[in-house]
Each structure stands twice: as structure tokens, then as C-alpha cells.
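K.L.:
Position one of the sequence shown corresponds to residue 107 (the numbering used here), numbered consecutively onward. For each residue, glycine too, the CB sits at the ideal point set by N, CA and C. Remember, it's a predicted structure, so these values are computed and weren't measured experimentally. Quick one: this structure, given as C-alpha cells, is what I'll be asking you about.
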Amino acid sequence: MPSVPGASQEEIRRQNLGAVLRYVHLHGPTSRAELTSRLGLNRSTIGALAADLVASGLVTEEAPTTARRAGRPSLVVSPRSDRVYAQALSIDADRLRAARVGLGGRILDLREVARPVGMSAVDAVGPLADLVRDMERCVAADALLVGGAVAVTDTTRDADDRIRIVGIDGTLGAALEAELSAGPGFVAGDLADIAGLAEHVRGVAAGVDDLIYLHGGLGISAGIIVGGRLMIGHRGHSGKVGHMVVNPNGLPCGCGSRGCWETEIGENALLRHAGRDPGDRAAVAEVLRAAADGDRTAREAVERVADWLGFGVANLVNVVNPDAVVFGGSLRDIFTAGADTVRSRLGAMPLPVSREHLRLEAAALGPDAVLIGAAELAFDKLLADPLNVGVAGHVGPVDPA
Ligand SMILES: [Zn+2]
Numbered sequence: 107m108p109s110v111p112g113a114s115q116e117e118i119r120r121q122n123l124g125a126v127l128r129y130v131h132l133h134g135p136t137s138r139a140e141l142t143s144r145l146g147l148n149r150s151t152i153g154a155l156a157a158d159l160v161a162s163g164l165v166t167e168e169a170p171t172t173a174r175r176a177g178r179p180s181l182v183v184s185p186r187s188d189r190v191y192a193q194a195l196s197i198d199a200d201r202l203r204a205a206r207v208g209l210g211g212r213i214l215d216l217r218e219v220a221r222p223v224g225m226s227a228v229d230a231v232g233p234l235a236d237l238v239r240d241m242e243r244c245v246a247a248d249a250l251l252v253g254g255a256v257a258v259t260d261t262t263r264d265a266d267d268r269i270r271i272v273g274i275d276g277t278l279g280a281a282l283e284a285e286l287s288a289g290p291g292f293v294a295g296d297l298a299d300i301a302g303l304a305e306h307v308r309g310v311a312a313g314v315d316d317l318i319y320l321h322g323g324l325g326i327s328a329g330i331i332v333g334g335r336l337m338i339g340h341r342g343h344s345g346k347v348g349h350m351v352v353n354p355n356g357l358p359c360g361c362g363s364r365g366c367w368e369t370e371i372g373e374n375a376l377l378r379h380a381g382r383d384p385g386d387r388a389a390v391a392e393v394l395r396a397a398a399d400g401d402r403t404a405r406e407a408v409e410r411v412a413d414w415l416g417f418g419v420a421n422l423v424n425v426v427n428p429d430a431v432v433f434g435g436s437l438r439d440i441f442t443a444g445a446d447t448v449r450s451r452l453g454a455m456p457l458p459v460s461r462e463h464l465r466l467e468a469a470a471l472g473p474d475a476v477l478i479g480a481a482e483l484a485f486d487k488l489l490a491d492p493l494n495v496g497v498a499g500h501v502g503p504v505d506p507a
């Protein structure tokens, strides 16, 4: 057993290794000199930490390619994105995706198949595992898999268009582990939470610790980050903002209530107002294009939905008091098309203390946000204790048998 002072020094070293690795993971190749100033550690400490990370195969160190004026150049520390990776999976409303995401947040490989209507999240485990096995066949022998995560949209619709909530705690990750019978394990999380996390870590809200990420898909849900931490609620089902009642005289909702926010701002609301068939997801883009081209019916449909969008955001902003609201999924384009209407509704409603500092942003990472966010969850253990995960992680391709 190590003595207490020894253990504490080891703990500090572990934290510092994590800090260096996290910095290059988020910011890309960084010189030792910059790491020294950014992390507030001295030069020799940074040199020793970088050497340890190089020895464990997590980063490389090279002389900078650009010429400097004088003196010895500071070595540049880069994450080994091609070697160190996480498995990032998503169970979306209508498709299943699996990606290998390298350290540094780069998508190295991506596979997808359609998710048939009515397929439960647990039934999706088999097809997802097939995608993972297919991908792993192409992995180099010295690659290092450090973890996996699966993002799942926890609301699905049954054949009668009623809303069902599927479990995202424990069971799904365990089912994937059992199916793949290798690797360092899977964590599972809500799709909107994970996409919001990605925008918080690498996207349009990087560095913003209080934010609401609104995701439009078949329904509307939110990833809410407060003080830099995801608010997940009991068993991960927080953020069901689509079922916030905004119009008691509105339409019935699949959840059994009436006038829920998603009946006013969802894809189907836009299609309905534009005289299109609800459920025709491909037509959403057509309506937005027609509105941009000046079609009057389409323009009025966008404005009506944008007004309700602003109405709900105003309420959320008064409750959470975020620095930013980010619109993702299909809400991204709806927000972009109707931003003036959203802003004007918002300007008329919330308290000045809630809105004076508020930024409204379209999501930056697009459909990849979910996979990038899932990889961030999977990288957590590595970044907390870089050398240990390197040892415990599964090295090389997953056995396809
Ligand atoms: Zn509802």
C-alpha cells in the first residue's frame, strides 16, 4: 500500500496528466510552452507529463513545422487521433449509427442503417452491434479502444402514434456489452442531452456553462446544462420540454395531454400549417425552402411556428436563466428561417435579467453532434486517469465471433 503522502502526489500527477490530455483533446496540437502557460504548471513538469503520455501511446511530440525566430523551438503535443478512439453509437428516431471517434473529437469511421418503425431501443442492440463489428474489422492492430457510449432518443412512437418512453439507464449499455462481449463498456444517455453536451464542449456554445439545447426530431426535447453539468433528472428523463403545455385549447398530443409545445413547434406543426402531410419528414426542408423563396403559405407557416418557438423559449429562459439557447436537429433550420419572429417574441416576454445577456444560436455540429457528444462521454474515464485506462482498455479489434 502506498503511504498517504505518496498517494497524494500520485493523485496530483494523475490530475495533471488528465489536464494535459484534455487540453490537447479539446484544442488540438499545442506547444509545450502554451501548455505551460495555459495550465499554470512549470516547464519541467509539462515536459515530464508529455513524456509519460507519449510513452503510453496517447499523444505524439514533434518539433513545430513553422519556423520560429530564435532559440530552441517548443515541442508540439498532439493527440493520437488515429490510434486512440471511442465507439460512439446513436439510436435516433429513424436510423441507427455507429462511429469510431478519435481522441481530439475526429470521426474516423461511420456506419448507419435505417431504424424500422416500431423497433424498440433494446431490439436495436443487435443491428448496432453488427455495425460496430463491421467497423472494427478495419481497425489497426495497435489501436486503443478506450470506451463506448450510446445516445438514445428515449421517446418513441408506437403504431397508434402514442408516445412511449424507453429506459436509458443501465439496461441498454449492459445489453450492448453482452452483445459485443469485449471492450471497456458502454454508457447510455439521452440523445438531446448528448447533442447538447457536444455543443457545450466543441460547438457553438463551447465554454458556455449555462445553456439550453433544444433538439427537434419526431418530438422536441432539451439538453439542459447548468453550471457546466448536464441536468439529467430521475433516471435521465429530464428535458421533456416538448410536453410543456403552452396552449390548453390546442391539439391533442401523443403523450395524452393537449396543447403541448411540440404540437405547436414540431415538424408536424410546420407541415400542417403549410398544407402538407404530417409525418412527411422530407417535406420540412421543402417548406423552409419555399418560405425562403417567398411562398406566402410557407412563410406564414414558418412565422406561426417561430412565434410559438419564441413563446416556449421565453418560459424556459425565465426558469433556467441560461447564457445561450442552441437550436439543433430539425429546430436548427426552423429557428434560422424564423429567427426574427423568435427574437421579437422573446424580446416582449422574459424579464430583462433573463434576456439581456442571452445568445440564441443555431447548432454548429449538425447531425454529427450526437456522435461527438457520445464520444465525449466515452472519453471521460480516459481523461480522468489517462494511464490507467490505457492499460485496462481493450486493445485491437473486437473479436467478430
Ligand atoms: Zn405531450
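#1: Taking the straight line between their C-alpha atoms, what separation do you get for G253 and A484?
#2: Figure out for me which residue from H379, F433 and A388 has the closest Cα to the Cα of T403.
#3: Count the other CB atoms within 10 Å of the CB of P506; is the residue buried (16 or more) or exposed (fewer)?
#4: Within 9 Å of any Cβ in chain D, is that where the Cβ of R461 sits?
#5: Do E167 and A235 have their C-beta atoms closer together than 9 Å?
#6: Roughly how many angstroms separate the alpha carbons of I197 and S143, rounded to a whole number?
#7: Is V352 helix, strand or coil when you go by DSSP?
#8: In whole angstroms, give me the CA-to-CA distance for V372 and G322.
#9: Report the three-state DSSP secondary structure of H500 (helix, strand or coil).
#10: At what residue ranges does the region 382-468 contain a whole run of the beta strand (DSSP E), taking only runs of 3 or more?
#11: Is it buried or exposed, I118, if we count other Cβ atoms within 10 angstroms and call 16 or more buried?
#12: Whole angstroms is fine: what's the gap from S450's alpha carbon to P290's?
#13: Measure from the alpha carbon of L145 to the alpha carbon of each residue in A125, A490, V207 and A391, then state which is nearest.
#14: Closest to A490 by CA distance: which of L471, R128, G279 and Q115 is it?
#15: In this structure, how does DSSP classify I338 when only helix, strand and coil are distinguished?
#16: Use the C-beta contact count for L457: other C-beta atoms within 10 angstroms, 16 or more gives buried, fewer gives exposed.
#17: Going by C-alpha distance, which of R239, M225 and G208 is nearest R217?
#18: What are the boundary residues of the alpha helix (DSSP H) that includes T369?
#19: Determine the burial state of V223: buried for a count of at least 16 other Cβ atoms within 10 Å of its Cβ, exposed for fewer.
#20: Decide if N148 is buried, meaning its Cβ has at least 16 other Cβ atoms within 10 Å, or exposed.
#21: By Cβ distance, which residues of its chain are closer than 8 Å to G453, with the 5 residues on each side in sequence left out?
#22: Examine the Cβ distances between the region 310-317 and the region 349-365 and report whether three or more of them are shorter than 8 Å.
P.N.:
Answer, in terms of the structure:
#1: The sequence position of residue 253 within the sequence shown is 147, counting from 1. The sequence position of residue 484 within the sequence shown is 378, counting from 1. For G253 and A484, the distance between alpha carbons rounds to 5 Å.
#2: In the sequence shown, residue 403 corresponds to position 297, counting from 1. Cα-wise, what sits closest to T403 is H379.
#3: The count along the sequence shown starts at 1 and reaches residue 506 at position 400. Summary for P506: the model assigns pLDDT 31, below 50, so the residue's position carries little reliability; its value from the coordinates is reported in the next sentence. Residue environment for P506: exposed (fewer than 16 other C-beta atoms within 10 angstroms of its C-beta).
#4: The structure shown contains no chain D; it is built from a single protein chain.
#5: If you number the sequence shown from 1, residue 167 lands on position 61. If you number the sequence shown from 1, residue 235 lands on position 129. The beta carbons of E167 and A235 sit no closer together than 9 Å.
#6: Position 91 of the sequence shown, counting from 1, holds the residue named residue 197. Position 37 of the sequence shown, counting from 1, holds the residue named residue 143. Whole-angstrom Cα-Cα distance: 41 Å.
#7: By one-based count along the sequence shown, residue 352 stands at place 246. Reduced to three states, the DSSP call for V352 is coil.
#8: Position 266 of the sequence shown, counted from the start, is the residue given in the question as residue 372. Position 216 of the sequence shown, counted from the start, is the residue given in the question as residue 322. Per the sequence shown, the amino acid found at residue 372 is Gly instead of Val. Whole-angstrom Cα-Cα distance: 7 Å.
#9: Within the sequence shown, numbered from 1, the residue matching residue 500 stands at position 394. With a pLDDT of only 37 at H500, under the threshold of 50, the placement of this residue in the model should not be trusted, and no figure is reported.
#10: If we require 3 residues or more, the beta strand (DSSP E) runs fully inside the region 382-468 come out as 430-435 and 465-468.
#11: Along the sequence shown, one-based indexing puts residue 118 at 12. Looking at its Cβ environment, which holds fewer than 16 other Cβ atoms inside 10 Å, I118 is exposed.
#12: Counting from one through the sequence shown, the residue named residue 450 turns up at place 344. Counting from one through the sequence shown, the residue named residue 290 turns up at place 184. Going from the Cα of S450 to the Cα of P290 covers about 49 Å.
#13: Working through the sequence shown from its first residue, we reach residue 145 at position 39. The residue from A125, A490, V207 and A391 with its alpha-carbon nearest to that of L145 is A125.
#14: Position 384 of the sequence shown, counted from the first residue, corresponds to residue 490. For A490, the closest alpha carbon among the candidates L471, R128, G279 and Q115 is that of R128.
#15: Residue 338 sits at position 232 when you count from the first residue of the sequence shown. Note: I338 maps to coil in three-state DSSP.
#16: Position 351 of the sequence shown, counting from 1, holds the residue named residue 457. Result: exposed.
#17: As a first step, residue 217 must be located in the sequence shown, where it is residue number 111. It is R239.
#18: Here residue 369 refers to the residue found at position 263 when the sequence shown is read from its first residue. Looking at the DSSP string, the run of the alpha helix (DSSP H) that includes T369 is W367 to I371.
#19: Here residue 223 refers to the residue found at position 117 of the sequence shown. Counting Cβ neighbours within 10 Å, V223 comes out exposed, since fewer than 16 surround it.
#20: Mapped onto the sequence shown, residue 148 falls at position 42. The residue is exposed, with fewer than 16 neighbouring Cβ atoms inside 10 Å.
#21: Along the sequence shown, read from residue 1 onward, the residue named residue 453 stands at position 347. The residues are R461.
#22: Remark: fewer than three beta-carbon pairs, one from each stretch, lie closer than 8 Å, so the region 310-317 and the region 349-365 are not flagged as touching.
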